[in-house]
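Peer 1: So that we are looking at the same thing, I have put the structure below in structure tokens.
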Amino acid sequence: MMQVLCPWCGVRDEDEFTYGGPAHITRPTSGGDAPQQDVSDEKWASYLYEKDNVKGIARERWVHVHGCGQWFNLARDTVSHKIHCVYKMGEPCPVLTPEGDPKNRND
13 MMQVLCPWCG VRDEDEFTYG GPAHITRPTS GGDAPQQDVS DEKWASYLYE
63 KDNVKGIARE RWVHVHGCGQ WFNLARDTVS HKIHCVYKMG EPCPVLTPEG
113 DPKNRND
């Protein structure tokens, strides 16, 4: 079983969490002050259904449903399921080395 590090509760079994989709996806806008409903069907379809199926390190959103209920992001290798880093929503996406480990920002 995969172990997930919740930024608030610590390490827990994966069955306490639910995958919430890819991280850092921006909702489509029509630009300017136009209302959201002015976004084309093509843009909405792309946003909702055209997802990358990454083989390797993917940044994902997860929620601790059977714990604190908080959402967070993590970088996970989709082949080995190794979690390389976990970070809170709103924090910058960590820079990773080619091996997938978090890079020291001072390097």
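Per this note's numbering, the very first residue in the sequence shown carries number 13; after that it's consecutive. Yeah, the Cβ is synthetic: ideal placement off N, Cα and C, and Gly gets one too.
1) Have a look at V66, P114, G43 and flag the residue whose alpha-carbon is nearest the alpha-carbon of K55.
2) Just tell me which of Y31, W20, R24 has its CA closest to the CA of W74.
3) With a CB to CB cut of under 6 Å and the five nearest residues on each side skipped, what residues in its chain are close to I95?
4) Between E28 and G68, is the Cβ-Cβ spacing less than 8 Å?
5) Residues in its own chain within less than 7 Å of H93 by CB, not counting five upstream and five downstream?
6) Measuring CB to CB, does Y99 end up less than 8 Å from P110?
7) Could you give the DSSP three-state label for D113: helix, strand or coil?
Peer 2: If we stick to the structure as given:
1) Within the sequence shown, the letter at position 43 stands for residue 55. Here the closest residue by C-alpha is G43.
2) Walking along the sequence shown from the start, residue 74 turns up at place 62. When each option's Cα is compared against that of W74, the closest is Y31.
3) The sequence position of residue 95 within the sequence shown is 83, counting from 1. L86, R88, listed in sequence order.
4) Taking the first residue of the sequence shown as position 1, residue 28 is located at position 16. Taking the first residue of the sequence shown as position 1, residue 68 is located at position 56. No, they are not a contact pair.
5) As a first step, residue 93 must be located in the sequence shown, where it is residue number 81. Closer than 7 Å at Cβ, skipping near neighbours: M14.
6) Locating residue 99 in the sequence shown gives position 87, counting from the first residue. Locating residue 110 in the sequence shown gives position 98, counting from the first residue. For Y99 and P110, no; Cβs fall outside 8 Å.
7) Taking the first residue of the sequence shown as 1, we reach residue 113 at position 101. D113: coil per DSSP, three-state reduction.
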